[in-house]
Amino acid sequence: MENTTSRLAVAQRLGAILSCLGFVVAGLSLFFAPARAYPSYLIGFLFWMGLTLGCFPILMIYYLVGGIWGIPVRRFLEAGIGTLPLMGGLLIPLLFGFGYLYKWAQPKVLRADILLQHKQLYLNLPALIIRMIVFFCIWGALGFLLLRWSRREMTTTEPKPLIVLRMISAPGLVLFALVTSFATIDWVMALEPDWYSSIFPLIILMGQILSALALSIILSTKLVFDPQEPTPDQLNQLGDLLLAFLMLWAYMSISQIIIIYAGNLPHEIVWYLHRMRGGWLLVSWLLAIFAFTVPFVLLLFRQLKRAPAWACAMAGGLLIMQPVCIFWYVAPSFRSSPSLDWIDPFTFFGIGGAWVVIFIRRLRHNGRFVGPAQLA
Numbered sequence: 183m184e185n186t187t188s189r190l191a192v193a194q195r196l197g198a199i200l201s202c203l204g205f206v207v208a209g210l211s212l213f214f215a216p217a218r219a220y221p222s223y224l225i226g227f228l229f230w231m232g233l234t235l236g237c238f239p240i241l242m243i244y245y246l247v248g249g250i251w252g253i254p255v256r257r258f259l260e261a262g263i264g265t266l267p268l269m270g271g272l273l274i275p276l277l278f279g280f281g282y283l284y285k286w287a288q289p290k291v292l293r294a295d296i297l298l299q300h301k302q303l304y305l306n307l308p309a310l311i312i313r314m315i316v317f318f319c320i321w322g323a324l325g326f327l328l329l330r331w332s333r334r335e336m337t338t339t340e341p342k343p344l345i346v347l348r349m350i351s352a353p354g355l356v357l358f359a360l361v362t363s364f365a366t367i368d369w370v371m372a373l374e375p376d377w378y379s380s381i382f383p384l385i386i387l388m389g390q391i392l393s394a395l396a397l398s399i400i401l402s403t404k405l406v407f408d409p410q411e412p413t414p415d416q417l418n419q420l421g422d423l424l425l426a427f428l429m430l431w432a433y434m435s436i437s438q439i440i441i442i443y444a445g446n447l448p449h450e451i452v453w454y455l456h457r458m459r460g461g462w463l464l465v466s467w468l469l470a471i472f473a474f475t476v477p478f479v480l481l482l483f484r485q486l487k488r489a490p491a492w493a494c495a496m497a498g499g500l501l502i503m504q505p506v507c508i509f510w511y512v513a514p515s516f517r518s519s520p521s522l523d524w525i526d527p528f529t530f531f532g533i534g535g536a537w538v539v540i541f542i543r544r545l546r547h548n549g550r551f552v553g554p555a556q557l558a
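Just so you know, this note's numbering puts the end of the sequence shown at 558, numbered straight through with nothing missing.
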């Protein structure tokens, strides 16, 4: 127990150091080089915000369907939801940089684009700020209810808390998907406002779920809230769930490409043209191979999913590829080549360090944990 506690304390201190360093550099960059810094900040924000949001649907699915698979990851998902206030605060700097990020916020571009003028009723700063407040209020209320009744469920044997959690989760899943879809439109799709896709928000949502589930699987093999390690059956079911969401993500992504390719309309293909030319084509192939093909093949093997080391490795590979996905979604709107800006790691690890600090704090608050080696 002491060894695990000390390792978490070290991780928390490291996160605090990275956060301080990253925010200092990011703050100076946002002031002196905003045109370069704001895209970097947006990329980092979207990944860590995705980790937070991805915890919601997994936890609600667990409360709805039950099963043994949710026991090892439940507390990690709750800790992830607990980072939502932090991400709400980290959204504020983006509000000052919309003129550098979004064409609809640039008066010269707006005056020259008739199509964009027709979207101005939706794409304007006051309306967006109102939507963000509403979105975070809905996410916050949903998270508050889930965490509150989850704590009650831990301290009683009565069925009422679980019944309430199911009543929250059923409509909560629908509401969450709707709200998160609109947030994705505002944050990502609006980067190229002449382009639109009805399935794109769900693609982003599947990526968020993959990130949160992968992180939870990794942590479940290292930190345990229950008097035993995750059993092979639990790991197998978690691997099956990871495979299911991976297939959904790939199916939606490929379907979108096929439909847009078949339609061959200028305002639709331009988004993919920016991401499948030059060096970005290489990134596209890397995603196709390492974000889908390799993990898909490995997750087909039952023996690998039941082994803690392999389960951790497969989840880790998927988690590593998610920032690359976000980079591929966002960066081509600002950069002609996939080269990293020196500001990118500072904003990414600055936000990530703060996320880790709050996540560990929430993890300690949610319940006791022990290391796997101490349970033998």
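Yeah, the Cβ is synthetic: ideal placement off N, Cα and C, and Gly gets one too.
Fill in: residue 523 - containing alpha helix (DSSP H), residue span
That residue, residue 523, is in no alpha helix (DSSP H); it is neither H nor E in DSSP.
Item to complete: Assign residue 537 to buried or exposed, taking buried as 16 or more other Cβ atoms, counted over all protein chains shown, within 10 Å of its Cβ.
Response: That one is buried.
Worksheet item: If you draw a straight line from the C-alpha of residue 417 to the C-alpha of residue 530, how long is it?
Response: When rounded, the distance between both Cα atoms is 30 Å.
Fill in: Within 8 Å, strictly: CB atoms of residue 496 and residue 482
No, they are not a contact pair.
Worksheet item: By the 10 Å Cβ neighbour count, where 16 or more other Cβ atoms means buried, how is residue 433 classified, buried or exposed?
Response: The Cβ neighbour count for residue 433, taken over all protein chains shown within 10 Å, is under 16; the residue is labelled exposed.
Worksheet entry | Simplified DSSP state of residue 415, which is helix, strand or coil | Reduced to three states, the DSSP call for residue 415 is helix.
Worksheet item: To the nearest whole angstrom, what separates the beta carbons of residue 520 and residue 499, a pair I think is in contact under 8 Å?
Response: Between residue 499 and residue 520 the Cβ distance is about 20 Å, and since that is not below 8 Å, they are no contact.
Item to complete: Please name the residue in 202, 526 and 517 whose C-alpha comes closest to that of residue 226.
Response: The residue with the shortest Cα to Cα distance from residue 226 is 526.
Fill in: Closer than 7 Å: residue 435 CB and nearest the ligand NAD heavy atom
With respect to the ligand NAD, the structure shown offers nothing to examine, as it has no ligands at all.
Fill in: residue 277 to residue 311 span [Cα, whole Å]
Distance between the alpha carbons of residue 277 and residue 311 is about 8 Å.
Discussion item. Quick check: the Cα distance between residue 551 and residue 287, rounded to an integer number of angstroms?
Written reply: Confidence in residue 551 is poor, its pLDDT being 47 and thus under 50, which makes the residue's placement unreliable; the coordinate value appears in the next sentence. Rounded to the nearest angstrom, the two C-alpha atoms are 47 Å apart.
Worksheet item: For residue 375, does the three-state DSSP call read helix, strand or coil?
Response: Coil at residue 375, not helix or strand.
Practice prompt. Look at the alpha carbon of residue 508 and the alpha carbon of residue 229, and state the distance between them as a whole number of angstroms.
Written response: Roughly 7 Å separates the two Cα atoms.
Worksheet item: Which term fits residue 443, buried or exposed, when burial requires 16 or more other beta carbons within 10 angstroms of its beta carbon?
Response: By the 10 Å Cβ count, residue 443 comes out exposed.
Worksheet entry | Stretch pair the region 250-264 + the region 391-401: three plus CB contacts closer than 8 Å | Touching, per the Cβ criterion.
Worksheet entry | Closest by C-alpha distance to residue 544, when choosing among 291, 329 and 248 | For residue 544, the closest C-alpha among the options 291, 329 and 248 is that of 329.
Worksheet item: Taking contact to mean at least 3 C-beta pairs separated by less than 8 Å, is the region 373-387 in contact with the region 509-519?
Response: Verdict: yes, contact present.
Worksheet item: Going straight from the alpha carbon of residue 546 to that of residue 191, what length do you get?
Response: About 10 Å.
Item to complete: Could you tell me which uninterrupted alpha helix (DSSP H) segments, each at least 4 residues in length, are contained entirely in the region 420-489, listed from first to last along the chain?
Response: With a minimum length of 4 residues, the continuous alpha helix (DSSP H) runs that stay inside the region 420-489 are 448-455, 461-468, 476-481 and 484-488.
Worksheet entry | residue 402 burial status per 10 Å Cβ neighbour count (16 or more: buried) | Under a 10 Å Cβ-count criterion, residue 402 is classified as buried, with 16 or more other Cβ atoms of the shown protein chains found around its own Cβ.
Worksheet item: So residue 303 is in the alpha helix (DSSP H); what residue range does that whole segment cover?
Response: Careful: residue 303 lies outside any alpha helix (DSSP H) and carries neither H nor E.
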